[in-house]
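Residue 262 is where the sequence shown ends in this note's numbering, and the numbering goes up by one at each step.
Virtual Cβ for every residue (Gly too), placed ideally from N, Cα, C.
Note that this is a predicted model, so its numbers are computed, not measured.
Below: one structure, written as structure tokens.
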Amino acid sequence: MEAFKSEKVPEEDLKKVKKIERKVRRELGVKEVRLLLAISDEFKETAIQTLFNEEEEPLIMFNYESDIVQRVLKDGTALEGILLHENMHILQEESEKYVELIEKIKKSANKHKNEFREKKKLQELLQTVVMVLKDLMVNDELLKKGEGKKLLKYYENSIRIKPKTRTEIDVDYWNDLFVAVISLVPAWIPFYRNNMRKEGANIRNLIHDKYSEVPIKVSQIGNQLMDELMEMHMPPEQEEADELFDELISLHDELSDTSK
3 MEAFKSEKVP EEDLKKVKKI ERKVRRELGV KEVRLLLAIS DEFKETAIQT
53 LFNEEEEPLI MFNYESDIVQ RVLKDGTALE GILLHENMHI LQEESEKYVE
103 LIEKIKKSAN KHKNEFREKK KLQELLQTVV MVLKDLMVND ELLKKGEGKK
153 LLKYYENSIR IKPKTRTEID VDYWNDLFVA VISLVPAWIP FYRNNMRKEG
203 ANIRNLIHDK YSEVPIKVSQ IGNQLMDELM EMHMPPEQEE ADELFDELIS
253 LHDELSDTSK
């Protein structure tokens, strides 16, 4: 395993991540993974992510200046939780599950292509849905493996960080809220799906607190998506993917109307 860090990142933090990452890879059976703890303007909006180069080699990158990364580095259980999550993504990427998922969601999106004047908006929604379902699949699998407490600890640390205050609540605000809230669905729905309802409810409460200026809208999105996702197969059947995409478009339109 190669590990890199920016010059200003302490060596002890890199060692801490390397140690837990080795443990996680052994548990999951993941091959070599590169690690990077970086201070980088290029990734300043992202805390932790997995990237793949042209040779399909995975790199797990931590944005060292992120508040989320700083909190996670102080909590070994939370750090193990996010490394389990990212390594499971790598395992899923090697399987056919993601290919099947993306094909089905694209079919669902194409059914709505005439409803979107801006193709970019449909593409953004498509990318968000794929990301959400990938995260849902990963967390579902980790909970089945008994890793719920570690995953819970990661989300408790990361969700508590409030978003930047917005001075104007306009169309862009509602669009950003919609993406942010559905992106957090994989943080709590898997707990409900795997008989950990109390833990799932705790995460939902943290999300409500995070977006406390619009709790009704956040709750509305969560409730409607919960109905769609509780019994969904992973990856979903085509009919399930269609119903989910229809529901998301409906929710998006409702939020857009709110701003008018």
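Could you tell me the boundaries of the beta strand (DSSP E) in which residue i lies?
i: isoleucine 50; result: 50-54
i: isoleucine 62; result: 60-65
Mapping the DSSP letters down to three states, classify residue i as helix, strand or coil.
i: asparagine 196; result: coil
i: lysine 2; result: For the chain, the structure presents residues 3 to 262; residue 2 sits outside this window and is missing.
i: lysine 123; result: helix
i: phenylalanine 118; result: coil
i: glutamate 256; result: helix
i: isoleucine 41; result: coil
i: lysine 164; result: coil
Can you tell me where the alpha helix (DSSP H) with residue i in it begins and where it stops?
i: arginine 321; result: With the chain running from 3 to 262 in the structure shown, residue 321 is simply not present.
i: lysine 10; result: Premise fails: lysine 10 is in no alpha helix (DSSP H) and is neither H nor E.
i: serine 68; result: Run containing serine 68: none; DSSP gives neither H nor E here.
i: isoleucine 161; result: 150-161
Which residues share a DSSP beta bridge with residue i?
i: leucine 144; result: DSSP, once it has assigned bridges, lists no residue as partnering leucine 144.
i: arginine 36; result: Leu61
Below 8 Å on the Cβ atoms is my contact criterion, and I expect residue i with residue j to pass it. Report the Cβ-Cβ distance as a whole number of Å.
i: glutamate 14; j: isoleucine 50; result: Their Cβ separation, rounded to whole angstroms, is 19 Å, which puts glutamate 14 and isoleucine 50 out of contact at 8 Å.
i: alanine 189; j: isoleucine 205; result: 5 Å
i: leucine 246; j: glutamate 230; result: 5 Å
i: valine 11; j: leucine 39; result: 5 Å
i: leucine 144; j: glutamate 201; result: About 13 Å separates the two Cβ atoms, so there is no contact after all.
i: proline 237; j: lysine 17; result: About 37 Å separates the two Cβ atoms, so there is no contact after all.
Complete runs of the alpha helix (DSSP H) confined to the stretch 70-101 [at least 4 residues]:
78-96
Just list the alpha helix (DSSP H) runs in the stretch 172-241, keeping only unbroken ones of 4 residues or longer that don't cross its boundaries, in chain order.
Counting whole runs of 4 or more residues, the stretch 172-241 contains the alpha helix (DSSP H) stretches 173-185, 187-195, 199-212 and 217-231.
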